[in-house]
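Have a look at the structure below before the remarks.
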Ligand SMILES: C[S@@+](CC[C@H](N)C(=O)[O-])C[C@H]1O[C@@H](n2cnc3c(N)ncnc32)[C@H](O)[C@@H]1O
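Residue numbers (this note's numbering): 68 to 420.
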């Protein structure tokens with residue numbers, strides 16, 4: 068490995084790289100024998116949550132075959148996933164995976180692509196494609212072959228209306244898994260962000276499944292307040308600041324604001340609230356370049372805006388501080404906007420005994 072270089076997307080000197088790996092080995096050494104395989108692993112929200120629950124990531128599968136930008140976002144996500152959780156990602160499309168080569172794991176978690184099932188795409192008339200059906204069928208084949216004790220599925224709530232969802236749930240039920248599913252509001256589980264997701268939990272008869280305990284909500288401010296002095300001061304888009312003035316927001320208090328003016332408005336949250344849903348695509352432009360001044364905070368003590376760094380966006384997304392984040396804020400936003408919050412994943416996995 069050349070000095071000062073980890074991968075095309077991660078620039079880290081050898082000393083820091085070794086220190087990071089040492090920390091990872093210590094974390095993995097504390098994990099139990101239980102292992103997890105992650106289908107569509109992205110930047111590793113599921114793996115981080117698994118490690119928090121004491122479960123060892125065995126393999127992940129991820130590549131986005133439709134990525135056409137020069138900056139390959141799914142490779143970037145997998146590089147950060149492996150830097151933080153060990154080399155375990157098979158960088159191939161799920162459809163091209165040779166199942167006979169996959170190691171058996173106690174748990175399989177799958178977050179199949181959700182692009183066609185979000186509420187925006189419903190508005191644009193996008194529906195389930197043949198690719199979605201093939202991905203679901205391939206997942207069923209993997210479950211059939213590896214026969215895990217526990218299967219968890221995560222997706223946007225709209226996925227519940229898809230044929231893929233029906234097929235997988237029917238298969239699990241037919242194979243005598245104890246299956247339940249419902250939509251969760253992650254802000255009730257320690258994530259300071261408005262994020263709703265459908266979670267399917269399925270387990271074998273010998274596994275006990277308990278209710279996932281709620282946590283008192285934390286607002287965005289409490290989760291990042293001590294980081295604010297590190298944030299760079301700067302100007303937001305004039306349309307954004309005008310909009311806040313027109314809305315007569317209380318500028319004697321901290322305000323979190325998305326520096327994007329779209330459909331004649333921008334997203335903002337006052338000091339006592341949670342953050343809006345962070346979307347991966349807000350972090351990158353159409354060429355895949357990072358947008359770094361994406362979320363700002365109005366600081367009433369200095370009467371200026373400051374821009375959130377990557378660590379702050381990680382906190383808003385339920386990631387632990389040990390996750391090594393990209394320096395470029397837009398890329399961090401991309402990883403976290405795609406991910407399942409680790410703090411919630413750890414609760415789901417700990418609900419099985
Ligand atoms: C919702 S994200 C997964 C988030 C991840 N589980 C986490 O918690 O960080 C969906 C992922 O599916 C991947 N993906 C899309 N099409 C795929 C395919 N055909 N095969 C494998 N992965 C695919 C994307 O690259 C993306 O990382």
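No residue lacks a Cβ here, since even glycine has one placed at the ideal position from N, Cα and C.
Bear in mind that the values here come from a model prediction, so they are computed numbers and not experimental data.
- The residue among 313, 182, 387 and 94 with its C-alpha nearest the C-alpha of residue 225 is 182.
- When secondary structure is reduced to three states using DSSP, residue 168 falls in the helix class.
- Exclusion of the five residues before and after residue 341 leaves 254, 259, 260, 261, 284, 286 and 287 as the residues of its chain whose Cβ lies within less than 7 Å of its Cβ.
- With a cutoff of 8 Å on beta-carbon distance, residue 114 and residue 127 are scored as near each other.
- Here residue 178 is near residue 222, since their CB atoms are less than 8 Å apart.
- Distance from the CA of residue 371 to the CA of residue 317, rounded to the nearest whole angstrom, comes to 14 Å.
- Inclusion of residue 406 in the 7 Å shell around ligand 1 follows from its C-beta lying nearer than that to a non-hydrogen atom of the ligand.
- Contact between residue 274 and residue 419 holds, with the beta-carbon distance rounding to 5 Å and staying under 8 Å.
- Every unbroken stretch of the beta strand (DSSP E) spanning 3 or more residues and falling wholly within the stretch 172–241 is given here in chain order: 174–177 and 217–222.
- Its Cα nearest to that of residue 227, the residue 248 stands out among 159, 121 and 248.
- At least one heavy atom of ligand 1 falls within 7 Å of the beta-carbon of residue 128.
- A check of alpha carbon separations from residue 414 across 111, 87, 363 and 121 identifies 121 as the nearest.
- The stretch 292–304 makes contact with the stretch 359–375; the number of CB pairs closer than 8 Å reaches 3 or more.
- When Cβ pairs closer than 8 Å are counted between the two stretches, the stretch 374–382 is seen not to touch the stretch 88–106, the count staying below three.
- Less than 8 Å divides the Cβ of residue 216 from the Cβ of residue 174.
- Nearest to residue 352 by alpha-carbon distance, out of 252, 335, 89 and 401, is 401.
- Distances between the C-beta of residue 410 and the heavy atoms of ligand 1 are all 7 Å or more.
- Bridge pairing for residue 342: 260 [DSSP].
- For residue 94, same chain residues with a beta-carbon under 8 Å away, outside a window of 5 residues either side, are 118 and 389 in chain order.
- The DSSP-derived three-state label of residue 336 is strand.
- Shown here, residue 282 sits in coil according to DSSP, grouped into three states, outside any helix or strand.
- A distance of 8 Å or more separates the beta carbons of residue 111 and residue 412.
- Assignment of residue 289 by DSSP, reduced to helix, strand and coil, places it in the helix class.
- Around the Cβ of residue 208, a 10 Å sphere holds fewer than 16 other Cβ atoms; the residue is exposed.
- Here residue 123 is buried. Its C-beta has 16 or more other C-beta atoms within 10 Å.
- If you ignore the 5 residues before and after residue 159, its C-beta comes within less than 8 Å of the C-beta of 128 and 130, all in its own chain and listed in chain order.
- In terms of Cβ geometry, residue 335 and residue 143 do not form a close pair [threshold 8 Å].
- Counting every other CB atom within 10 Å of its CB across the protein chains shown gives residue 133 a total below 16, marking it as exposed.
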